[in-house]
Structures are given as C-alpha cells and as structure tokens.
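What follows is one structure encoded as structure tokens, with my remarks underneath.
Protein chains: 2
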Amino acid sequence: MPNELDLFQGTLDILVLRALSHGPMHGYAVARWIREGSDGTFRILDGALYTSLHRMDEKGWIDAEWGTSERGKRARFYELTPAGRAELQQRASRWDRYVSAVALVMAAPARA
Amino acid sequence: MPNELDLFQGTLDILVLRALSHGPMHGYAVARWIREGSDGTFRILDGALYTSLHRMDEKGWIDAEWGTSERGKRARFYELTPAGRAELQQRASRWDRYVSAVALVMAAPARA
DNA sequence: AGTTGATACCATCAATGTTGAGGTATACGG
DNA sequence: CCGTATACCTCAACATTGATGGTATCAACT
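Chains as they are written, first to last, in our numbering: chain A, 13 to 124; chain B, 13 to 124.
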C-alpha cells in the first residue's frame, strides 16, 4: 500500500485509547484495529505501539494484565481506566479544535 | 488566552509555508499571521519558528533575503520557491488525508 | 524439522517543538 | 532625552515521541 502515512507525533496515543475504548485488547489487536479502522492508512509499528502502551499504563490511563489470546498465545490485555476514558475525551476534543484551527489558517485570505 | 494549543510535531512547516504562500514576509510577520489566522489558537514561539524557517531554507523551499521591515527594522524576508510551493501542496493534501484517516478511526464501530 | 505468523520487548536514533537566555535597534511614554 | 516596551533574530539544552531494527517465545501449518 503506497497509501500509508507516517504519524504526526502526538497522535498515536489517541488512536490507541480509541481502540481500547471498545473493550480490552492486546497490543497486537490494537495495531490491527487501527490499521483496519483507518483503511490501511496507519500501519502501527510495534516499536512505537508498545512504548505508547507502557507510557499510558504508567500514567494510569490503561491497566495491563497477562492473559491468553484467541490463538492460545500468551498476550497482554490492556483496558481503559476511567482516567483513560477521560483522557480520550480530552484528547479527542483537543484534536478537533486543532484540526479546525489548521483549517482556519489554511483557508485564511491574504492580509495586510 | 487559555485557548492556545501546543503544536503537534510536524505541523509547523505547513503553517509557515501557507503563510508565505501569500507573499514574502519576515519571520515576525509569519508568526503574527499564523496566530491571527488561527484566531489565537496557535502562538508560534520564535525558537521553533526560526528553526523551521532555516530548515526550509536549507531544503530549498524558501529563499531568504535581508531587508527592512515596515517599521524600519532590519528584517529577513522569506519567500516561497517553486519547490516550496509544491511542498505546500503535498503537505496540505497529506494533512487532509491524515485528518480523514483519524476521523475514520475515531468513528469506527466496535469490531470482532 | 522448518518456516510463517502471532505476540511482546527494548535500545538507539531522528525529527521537531519548548524553554530560556541573549542581542540589537526603533519607537514611544514620561 | 532617557527608559522601557516592542520588533526582530539567534542559539543551545531539553523533552517527547515515532521510526528502525534486533531479539524472543510459541503455535500452526508444510
């Protein structure tokens, strides 16, 4: 797919939080979820993915627990905490404001 | 203004290129342009601004020339090169695709 | 037995925005 | 006419975060 896009720094966490907002998942599933949910635009590299998960675990936005995947493999399941849910809300609205502001600038007419 | 937003890494250049697409400007004016054009959402810190300008100058997207500002001050005027104009196009469309992809993910329904 | 795919982790690197400090020159209030 | 604010530029140190690339385990399929 030549349609892939690299991530702008700061957006990965939002996508991950959003994936987890559908219920507990292991990292591999999160990556698949984001890839498929974005129609292949975002391929999530596990290097970045797990760092993001660990980061958010430390911040208390998600909880981690070892378990067994559908394929019978040892896998770590992540789940949103209430704080994580709140963080997702905040980040989502921040993202929306951001996108509007960029749109404003891009559409701005010439000024004196 | 508590409405200010920090920049996601990777977006500053687009805003700067867009500002310059209206004609040559010095750095200070670029910052003002972006701040006003975004209704105060983006306050551009000069540390980042001038680094961005120098970066893009090196890449050949903009040309720099010393001159005198409206206030009679020594100022450096930046102007888009054709390469810079092309870069702006590309980045703008990349940004649009990016925003759509994020929206896709954020709106994605739960999946198996 | 060997390869592929599922699943996780880590260290190093690169890009880029933030912070903060410094420098000059013009303008403007007192 | 002096001082302070404002216009304008530069740079170095730092923090965050995604990319790269290498490692490890184990199931399933050939």
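We treat Cβ as the ideally placed atom computed from N, Cα and C, and that holds for glycine.
Any C-beta of chain A under 8 Å from that of residue i
| i | result |
| --- | --- |
| D25 (chain B) | no |
| R97 (chain B) | no |
| K104 (chain B) | First, the residue type needs correcting, since residue 104 (chain B) is Ala and not Lys in the sequence shown. Yes, because at least one Cβ of chain A sits closer than 8 Å to the Cβ of A104 (chain B). |
| M37 (chain B) | no |
| Y110 (chain B) | yes |
8 Å Cβ cutoff met for residue i and residue j
| i | j | result |
| --- | --- | --- |
| E91 (chain B) | L32 (chain B) | yes |
| R86 (chain A) | W73 (chain A) | no |
| A6 (chain A) | L19 (chain A) | Here chain A has residues from 13 to 124 only, and residue 6 (chain A) is not among them. |
| A122 (chain B) | H34 (chain A) | yes |
| G84 (chain A) | Q21 (chain B) | no |
Buried or exposed (CB count within 10 angstroms, at least 16 for buried), residue i
| i | result |
| --- | --- |
| L57 (chain A) | exposed |
| S64 (chain A) | buried |
| T80 (chain B) | exposed |
| E99 (chain B) | buried |
| A113 (chain A) | buried |
Per-residue DSSP class, three states only, for residue i
| i | result |
| --- | --- |
| L32 (chain B) | helix |
| A5 (chain B) | Here chain B covers residues 13 to 124 and nothing more, so residue 5 (chain B) does not appear. |
| T80 (chain A) | strand |
| I56 (chain A) | coil |
| D75 (chain A) | strand |
| A120 (chain B) | coil |
Residue i versus residue j - alpha carbon distance
| i | j | result |
| --- | --- | --- |
| S50 (chain A) | R109 (chain B) | 10 Å |
| Q8 (chain B) | W107 (chain B) | This structure cannot speak to residue 8 (chain B), because chain B is shown only from 13 to 124. |
| L116 (chain B) | M118 (chain A) | 22 Å |
| A104 (chain B) | D69 (chain A) | 34 Å |
| L17 (chain A) | T53 (chain A) | 6 Å |
| R97 (chain A) | N15 (chain A) | 30 Å |
| P36 (chain B) | F89 (chain B) | 6 Å |
| E48 (chain B) | A41 (chain B) | 10 Å |
| G59 (chain B) | E82 (chain A) | 50 Å |
| D131 (chain B) | A95 (chain B) | Coverage of chain B is limited to positions 13 through 124, which leaves residue 131 (chain B) absent and any answer about it impossible. |
| L24 (chain B) | R55 (chain B) | 11 Å |
Min CB distance residue i to chain B below 8 Å
| i | result |
| --- | --- |
| I46 (chain A) | yes |
| M68 (chain A) | no |
| A122 (chain A) | yes |
| I30 (chain A) | In the sequence on display, residue 30 (chain A) carries Arg and not Ile. It does; some Cβ of chain B falls within 8 Å. |
| Y40 (chain A) | no |
| G22 (chain A) | yes |
| D51 (chain A) | yes |
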